[in-house]
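Asker: What follows is a structure written as structure tokens; I'll ask about it next.
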Amino acid sequence: MTLRKKLIAGNWKMNKTPSDAAALAAELVATLGKRTEVDVIVCPPFTALEAVGRALDGSTVKLGAQNVHPETSGAFTGEISAPMLRALFTTHVIVGHSERRTLFGETDAFINQKVLAALKNQLRPILCVGESLAERELGSTLKVVQTQLEAALQGVSREQAAGLIVAYEPVWAIGTGKVATTDQAQEVHGFIRGLLTKLFAETVAQRVRILYGGSMKPANAAELLAQKDIDGGLVGGASLEARSFVELVNAAIAAV
Ligand code: PGA
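Every number in the numbering used here is 12 more than the matching position in the sequence shown, counting from 1.
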């Protein structure tokens, strides 16, 4: 019997104006707003956090951001801090997404600072790790994932680690329609749980949710979610419409 509640998180990326985002959030609340068997989070762009937060108010759906800057305030043009996110009732934040790593040059050390800042401000990080296609073909998947995970979690205490969420997102599967096979995904998820055991403790590792991300869709979700170490999904494309996102949440409910 697992201690972990399944979790489906929608990463809306750079999509939707505040009014479009609020409309989608309202649709989700109408169908999912009272569900408690699984956790549901939506991560709109910064500009829509306030409107989506209002739409989610009183429901069980939680609000996440897609990024955060490690500093609290200051001369960091274009950035948003953890206290600013908290002021909008944001409870979660995606950190280290592969698009941030590859398109915006984020390093493991910078991602580590973001994880620490999020935890310090009572924001739960959804820490993304994953290998590129070239790295997989070289056979270095586990090594890459280990390096990213260990670097991002430097200085995180055992107590803090229990609140962490990890997302394994093979870069070659993101937005490409190519999904990792269940065996490929389970292998890495099991490996991550083993690393968490070594870094913190078995009791902590058994609590941390490890999400799969990369072309998760209603058609492949059930099989992925049935794996022992796959505790949910971080969903891009299929989270942009209520119908497919609700189907994913229902798949998670059925997998409980
Ligand atoms: P995708 O994106 O579901 O569109 O592949 C997942 C993600 O990048 O978080």
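Glycine included, every Cβ here is placed at the ideal spot set by N, Cα and C.
Determine the burial state of Leu115: buried for a count of at least 16 other Cβ atoms within 10 Å of its Cβ, exposed for fewer.
Answerer: With fewer than 16 Cβ atoms within 10 Å of its Cβ, Leu115 is classed as exposed.
Asker: When the Cα atoms are used, what is the spatial distance from Gly151 to Leu145?
Answerer: 10 Å
Asker: For His109, is the beta carbon positioned less than 7 Å from some heavy atom of the ligand PGA?
Answerer: yes
Asker: Just tell me which of Leu211, Ala174, Arg170, Thr84 has its CA closest to the CA of Asn133.
Answerer: Answer by Cα proximity: Thr84.
Asker: State the Cα-Cα distance for the pair Asn27 and Arg112, rounded to the nearest angstrom.
Answerer: 16 Å
Asker: Whose CA, out of Glu91, Arg221, Arg205, Val268, lies closest to the CA of Glu235?
Answerer: Val268
Asker: Decide if the stretch 90-102 is in contact with the stretch 53-62; the criterion is three or more beta carbon pairs, one per stretch, under 8 Å apart.
Answerer: yes
Asker: Using a Cβ-Cβ cutoff of less than 7 Å, which residues in the same chain neighbour Gln125 once the five nearest sequence positions on both sides are dropped?
Answerer: Pro82
Asker: What does the alpha-carbon distance come out to for the pair Tyr180 and Ala67?
Answerer: One alpha carbon belongs to Tyr180, the other to Ala67, and they sit about 29 Å apart.
Asker: Give the single residue among His201, Gln198, Val220, Val157 whose Cα lies nearest to the Cα of Gln172.
Answerer: Val220
Asker: For Asn79, which three-state DSSP category applies?
Answerer: coil
Asker: Tell me which residues share the same chain as Gly22 and place their Cβ nearer than 6 Å to its Cβ, disregarding the 5 neighbours each side in the sequence.
Answerer: These residues qualify, in order along the chain: Val54, Val247, Ser251, Phe257.
Asker: Could you tell me the boundaries of the alpha helix (DSSP H) in which Leu19 lies?
Answerer: From DSSP, Leu19 is part of no alpha helix (DSSP H) but of the beta strand (DSSP E) over 19-23.
Asker: Kindly indicate which three-state DSSP category Ile106 falls into: helix, strand or coil?
Answerer: strand
Asker: Out of Leu44, Ser31, Leu139, Ser71, which one is the CA nearest neighbour of Pro57?
Answerer: Ser31
Asker: Which term fits Phe212, buried or exposed, when burial requires 16 or more other beta carbons within 10 angstroms of its beta carbon?
Answerer: Buried, since its Cβ has 16 or more Cβ neighbours within 10 Å.
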